[in-house]
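Novice: Chains A and B supply the protein sequences, listed in that same order. Start counting the first sequence at 0; every next residue gets the next number (numbering that gives the first Met the number 0). Start counting the second sequence at 0; every next residue gets the next number (numbering that gives the first Met the number 0). All C-beta atoms, glycine included, are put in the ideal place defined by N, C-alpha and C. Only a predicted model underlies this, so the values are computations on that prediction, with no experimental measurement involved. My questions will all concern the structure given below.
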Amino acid sequence: MSALAEILFGGLFQGSLYAMMAVGLALVWTTIGVFNFSHGVFMMLGAYIAWQLVELGLPAAVAFPVAVVVMAGVGWILQASVVRPLIGRPNIVLVVVITTLAAGSLIENGALTIWGPRSKQIPALIDGNAIIGGVGVSLHQIAIIVITPLILAALWMFLNRTRLGLALRAVAQNEDASHLVGLNVTALYGLAFAIAASLAGLAGIFMGGYRFMSPVMGSDPLLKALIVVVFGGISSISGPIFAAYLIGFFEAACSYYFGLYWTPALLFGVLILTLMVRPEGIFASRSRGLA
Amino acid sequence: MTDTTSTMAPIRTAAAIPIAPGRTPWKHEAVGFVLGFAVLALLPLVFGDTYARHILIMAFIYAIVASNWDLSLGYGGVFNFGHLALFGIGVYAYSLLTKLAGLDPWIALFASGIVATLAAILVTIPILRLKGIYIILVTFGFAQLVMQVILSQSDITGGTQGIVRIPGLYWLDHNMVRDAKFAYFYIALALLVASTLFLRVFVRSRAGASIVALRDNEEYAISRGVSIVRQRMLTLAASAFFTGVAGAFYAAYQRNASIDVFGMSLATIILSMVLLGGTSTIYGAIIASFVLTIFAEWMADFGAWRPMITAVLIIGVMLAYPSGLAGMIKAAWGVVAGRIKRPA
């Protein structure tokens with residue numbers, strides 16, 4: 000019983016974090032058609048900004064939202080500086096990989112210079128522990144499990160029910176037609192990046208609440224988010240969300256039964272197998288667009 | 000293959016490719032090739048100290064890896080992000096072959112190249128039918144998979160500890176340790192010459208032309224009888240051999256192996272060399288390897304600012320010159336050559 004509870008809990012928790020990361024990657028990919036390799040750095044930066052604000056004396060309830068808003072600005076700036084000038088170039092996918100990697104390295108080393116290598120921790124959302132189904136869990140992790148689906152549902156509502164969200168989906172579906180009907184495509188590109196960056200920043204704040212932060216903390220979640228988007232299909236939003244939880248459960252079960260060492264190898268094995276059978280991801284339809 | 004002349008003389012078919020406008024005649028290239036490497040071969044006369052030679056040896060190794068990556072990335076148009084894994088496989092193949100199997104270092108050096116080639120063929124299987132971003136993700140996954148396997152087999156590979164005291168290369172009775180890296184310099188240079196020669200002959204051959212045709216117009220190339228499966232496998236296998244040998248040489252030179260070679264930071268540096276140099280040139284990647292390696296050493300005093308300055312430099316060049324350093328040199332050469340040809 001406790002084994003099942005542990006896997007269930009671990010899967011829900013990891014899946015939440017992966018979903019927050021993967022949705023941002025998928026959003027940027029569907030709208031702009033580029034892959035943002037500085038996404039993991041966004042996560043780190045969000046956590047550090049929140050830490051700095053708490054350190055300056057702000058209460059967590061103020062500091063966290065402010066950090067998320069700042070991250071939206073960072074996402075916008077990054078998009079305007081290293082992605083937008085390249086749009087229209089024939090080898091944009093490849094060049095953006097290198098410019099976002101370089102920008103990520105710039106931010107990572109900047110964080111290292113400003114905040115130093117010493118590990119830091121930000122306050123948990125809720126302090127305390129509980130025992131559920133024979134497994135000891137922290138209330139912080141419970142909070143993440145509850146909050147993440149709400150945020151993702153809000154994002155879904157935004158993309159499907161608001162004019163701005165529909166405009167974003169329109170750009171994803173057909174950029175030229177969006178231009179024709181008078182949408183400001185450039186601004187929408189910035190918006191996609193801003194949303195992705197703030198979601199990653201929020202994931203970073205969540206992570207910084209239960210684990211020590213370091214300038215390289217985003218690289219492993221980025222890797223997992225990559226697996227998730229491949230597994231779930233990159234051209235949608237719902238696919239990566241389901242896949243994130245599935246991968247979370249798979250990871251929790253693997254580390255329970257096979258040990259921590261084999262889990263990444265098994266994950267990548269599953270990834271490669273998935274791509275050989277269904278290259279567009281297991282949940283994806285064959286059309287490009289946000290759903 | 001109905002054309003009898005092409006089957007009779009398969010090597011000479013390279014000459015059958017018409018000279019495209021702007022394509023350098025091979026005689027000009029051969030002169031430049033010999034002159035360029037002759038200059039490199041004379042460098043130890045100028046730089047006598049171990050440190051300068053060490054920088055050059057590292058630049059040669061990076062140049063081999065980067066230029067071979069350019070074959071699959073630039074010419075093949077395959078977004079192969081697992082190239083560094085082939086380098087890492089070379090490092091570990093050499094280490095294990097010499098240390099555990101007790102193989103002769105020189106044989107192990109070439110065996111490592113073959114092991115890397117086999118690995119490249121293996122990784123091609125899942126990406127045969129994939130495109131663009133999915134190739135990036137699978138090859139990236141492959142690199143991580145190799146790293147995880149090495150980590151999990153820690154009783155053979157040393158896991159995170161790595162392997163130390165790997166046998167180095169030897170040359171008759173020559174003392175490789177006390178010659179201020181003289182012998183290693185020339186071995187590295189010889190490997191770079193062999194690799195570059197191979198790459199240039201390959202991309203100028205009929206097979207090279209068909210790979211570029213696949214990259215530029217896949218449907219048309221397939222309709223003209225070019226096999227995407229065979230050519231993609233050929234491209235990756237061809238780019239793997241010298242990459243594996245470079246990895247083996249790196250292990251022999253450093254005398255130790257660690258999983259750092261699979262890390263993102265090395266991959267980013269070498270990828271920047273490929274893109275900074277300009278894709279589909281081979282020479283661009285080599286030039287960029289020298290520029291970036293020497294630049295990084297020159298800025299050694301800047302400490303934490305060094306990777307930041309390098310990142311800004313990479314972004315700046317990518318934004319200003321999407322065709323990279325090779326594009327810059329070509330543009331500059333165009334201006335100079337135009338002035339010479341048009342006397343006032």
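Let me know the secondary structure DSSP gives Ala100/B once reduced to three states.
Specialist: In the second sequence, the residue the question calls residue 100/B occupies position 101. Ala100/B falls in the coil class under three-state DSSP.
Novice: Please name the residue in Gly87/A, His38/A, Val69/A whose C-alpha comes closest to that of Trp50/A.
Specialist: Here residue 50/A refers to the residue found at position 51 of the first sequence. Nearest C-alpha to Trp50/A: Val69/A.
Novice: Do the CB positions of Val137/B and Leu266/A come within less than 8 Å of each other?
Specialist: On the second sequence, position 138 is the one that residue 137/B refers to. On the first sequence, position 267 is the one that residue 266/A refers to. No, Cβ-Cβ distance for Val137/B and Leu266/A is not below 8 Å.
Novice: For a quick check, are the C-beta atoms of Val82/A and Phe34/A less than 8 Å apart?
Specialist: Taking the first residue of the first sequence as position 1, residue 82/A is located at position 83. Taking the first residue of the first sequence as position 1, residue 34/A is located at position 35. Result no, Cβ atoms of Val82/A and Phe34/A do not sit closer than 8 Å.
Novice: For the structure I just gave you, are there three or more beta carbon pairs, one from the region 213–223 of chain B and one from the region 58–72 of chain B, closer than 8 Å?
Specialist: No, the region 213–223 of chain B does not touch the region 58–72 of chain B.
Novice: Below 9 Å on C-beta distance, what does Val92/A contact in chain B?
Specialist: Working through the first sequence from its first residue, we reach residue 92/A at position 93. Near Val92/A (Cβ distances below 9 Å), the residues of chain B are Phe78, Gly131, Ile132, Ile135.
Novice: Chain A partners of Val311/B, CB-CB under 7 Å?
Specialist: Translated into the one-based positions of the second sequence, residue 311/B becomes position 312. Here the neighbours are Leu105.
Novice: With H, G and I counted as helix, E and B as strand and the rest as coil, what does DSSP make of Ser87/A?
Specialist: Locating residue 87/A in the first sequence gives position 88, where the first residue counts as 1. Checking the sequence shown, residue 87/A turns out to be Gly, not Ser. Reduced to three states, the DSSP call for Gly87/A is coil.
Novice: Could you compute how far the alpha carbon of Ala37/B sits from the alpha carbon of Ala247/B?
Specialist: Stepping through the second sequence from its first residue, residue 37/B is reached at position 38. Stepping through the second sequence from its first residue, residue 247/B is reached at position 248. Ala37/B and Ala247/B: Cα-Cα distance of roughly 25 Å.
Novice: Could you list which residues in chain A have their beta carbon closer than 7 Å to that of Met263/B, in chain order?
Specialist: Here residue 263/B is taken as the residue at index 264 of the second sequence, counted from 1. Within 7 Å Cβ-Cβ: Ser218.
Novice: Just checking: is the beta-carbon of Phe249/A within a distance shorter than 8 Å of some beta-carbon in chain B?
Specialist: Here the question's residue 249/A lines up with position 250 in the first sequence. Cβ-Cβ to chain B under 8 Å: no for Phe249/A.
Novice: Listed from N- to C-terminal order along the chain, which residues in the region 154–174 of chain A have their beta-carbon within a distance smaller than 7 Å of any beta-carbon of chain B?
Specialist: none
Novice: What is the residue span of the beta strand (DSSP E) that Ala62/B lies within?
Specialist: Along the second sequence, read from residue 1 onward, the residue named residue 62/B stands at position 63. From DSSP, Ala62/B is part of no beta strand (DSSP E) but of the alpha helix (DSSP H) over 49–69.
Novice: By Cβ distance, which residues of its chain are closer than 6 Å to Ala284/B, with the 5 residues on each side in sequence left out?
Specialist: Locating residue 284/B in the second sequence gives position 285, where the first residue counts as 1. Same-chain partners within the cutoff: Ala65, Ser66, Asp69, Met272, Val273, Gly276.
Novice: Are there three or more Cβ pairs, one per stretch, closer than 8 Å when the region 136–149 of chain A is compared with the region 0–15 of chain A?
Specialist: yes
Novice: Quick check on Lys26/B: buried or exposed, where buried means 16 or more other Cβ atoms within 10 Å of its Cβ?
Specialist: For this step, residue 26/B is matched to residue 27 along the second sequence. So Lys26/B counts as exposed.
Novice: Inspect the beta-carbon positions of Met317/B and Leu105/A and report whether they are closer than 8 Å.
Specialist: By 1-based counting over the second sequence, the position of residue 317/B is 318. By 1-based counting over the first sequence, the position of residue 105/A is 106. For Met317/B and Leu105/A, no; Cβs fall outside 8 Å.
Novice: With 16 as the cutoff for other CB atoms within 10 Å, does Pro220/A come out buried or exposed?
Specialist: Working through the first sequence from its first residue, we reach residue 220/A at position 221. When all chains shown are included, Pro220/A counts as buried.
Novice: Work out the CA separation of Trp105/B and Phe205/A for me, nearest whole Å.
Specialist: For this step, residue 205/A is matched to residue 206 along the first sequence. For this step, residue 105/B is matched to residue 106 along the second sequence. Those two C-alpha atoms are separated by around 52 Å.
Novice: Cβ atoms of Leu34/B and Leu42/B: under 8 Å apart, would you say?
Specialist: Numbered from its first residue, the second sequence carries residue 42/B at position 43. Numbered from its first residue, the second sequence carries residue 34/B at position 35. Contact flag unset, no.
Novice: Report all residues from its chain with a CB closer than 8 Å to the CB of Ile130/A; omit the five preceding and five following residues, and keep chain order.
Specialist: As a first step, residue 130/A must be located in the first sequence, where it is residue number 131. Counting only Cβ-Cβ distances below 8 Å, and skipping sequence neighbours, we find Val136.
Novice: Assign Ala13/B to one of three DSSP states: helix, strand, or coil.
Specialist: Taking the first residue of the second sequence as 1, we reach residue 13/B at position 14. The predicted position of Ala13/B is uncertain, since its pLDDT is 45 and thus under 50; a value taken from the coordinates is nonetheless stated next. The answer is helix: DSSP assigns Ala13/B an H, G or I state.
Novice: Does any residue of chain A bring its CB to less than 8 Å from the CB of Ser271/B?
Specialist: Taking the first residue of the second sequence as position 1, residue 271/B is located at position 272. Interface residue, yes.
Novice: Within the 8 Å Cβ cut-off, does Thr29/A reach chain B?
Specialist: The count along the first sequence starts at 1 and reaches residue 29/A at position 30. So no, Thr29/A is outside the interface.
Novice: Kindly indicate if chain A contains any beta-carbon less than 8 Å away from that of Val148/B.
Specialist: As a first step, residue 148/B must be located in the second sequence, where it is residue number 149. It does; some Cβ of chain A falls within 8 Å.
Novice: Taking 8 Å as the threshold (beta carbon to beta carbon), is Ile146/A in contact with chain B?
Specialist: Looking up residue 146/A in the first sequence gives position 147. No - not a single Cβ of chain B is within 8 Å of the one on Ile146/A.
Novice: Taking the straight line between their C-alpha atoms, what separation do you get for Thr99/A and Trp114/A?
Specialist: Looking up residue 99/A in the first sequence gives position 100. Looking up residue 114/A in the first sequence gives position 115. Annotation: Thr99/A to Trp114/A spans about 22 Å, alpha carbon to alpha carbon.
Novice: Any idea if Arg231/B is buried or exposed, counting beta-carbon neighbours within 10 angstroms, 16 or more meaning buried?
Specialist: Position 232 of the second sequence, counted from the start, is the residue given in the question as residue 231/B. With 16 or more other Cβ atoms within 10 Å, it is buried.
Novice: Looking only at its own chain, which residues have a Cβ that is under 7 Å from the Cβ of Leu3/A, when we skip the five neighbours before and after it?
Specialist: Translated into positions along the first sequence, residue 3/A becomes position 4. Excluding sequence neighbours, Leu3/A sits near nothing in its chain.
Novice: Who are Trp170/B's beta bridge partners in DSSP?
Specialist: For this step, residue 170/B is matched to residue 171 along the second sequence. Paired residue(s): His173/B.
Novice: Cα-Cα, which of Phe201/B, Val202/B, Leu117/B, Gln160/B is closest to Gly359/B?
Specialist: Only positions 0 to 343 of chain B appear in the structure, and residue 359/B is not among them; the question remains open.
Novice: What are the boundary residues of the alpha helix (DSSP H) that Val136/A is part of?
Specialist: In the first sequence, counting from the first residue as 1, residue 136/A sits at position 137. That residue, Val136/A, is in no alpha helix (DSSP H); its beta strand (DSSP E) goes 134–137.
Novice: Mind listing, in chain order, the continuous alpha helix (DSSP H) runs of no fewer than 4 residues lying wholly within the region 66–131 of chain A?
Specialist: 91–114
Novice: Can you list, in chain order, the residues of its chain with a C-beta nearer than 7 Å to that of Leu198/A? Leave out the 5 residues immediately preceding and following it.
Specialist: Position 199 of the first sequence holds residue 198/A. So the qualifying residues of the chain are Met19, Val22, Gly23.
Novice: Distance check for Ser118/A and Glu107/A, CA to CA, integer angstroms please.
Specialist: In the first sequence, residue 107/A corresponds to position 108, counting from 1. In the first sequence, residue 118/A corresponds to position 119, counting from 1. If I take the Cα positions, the gap works out to 14 Å.
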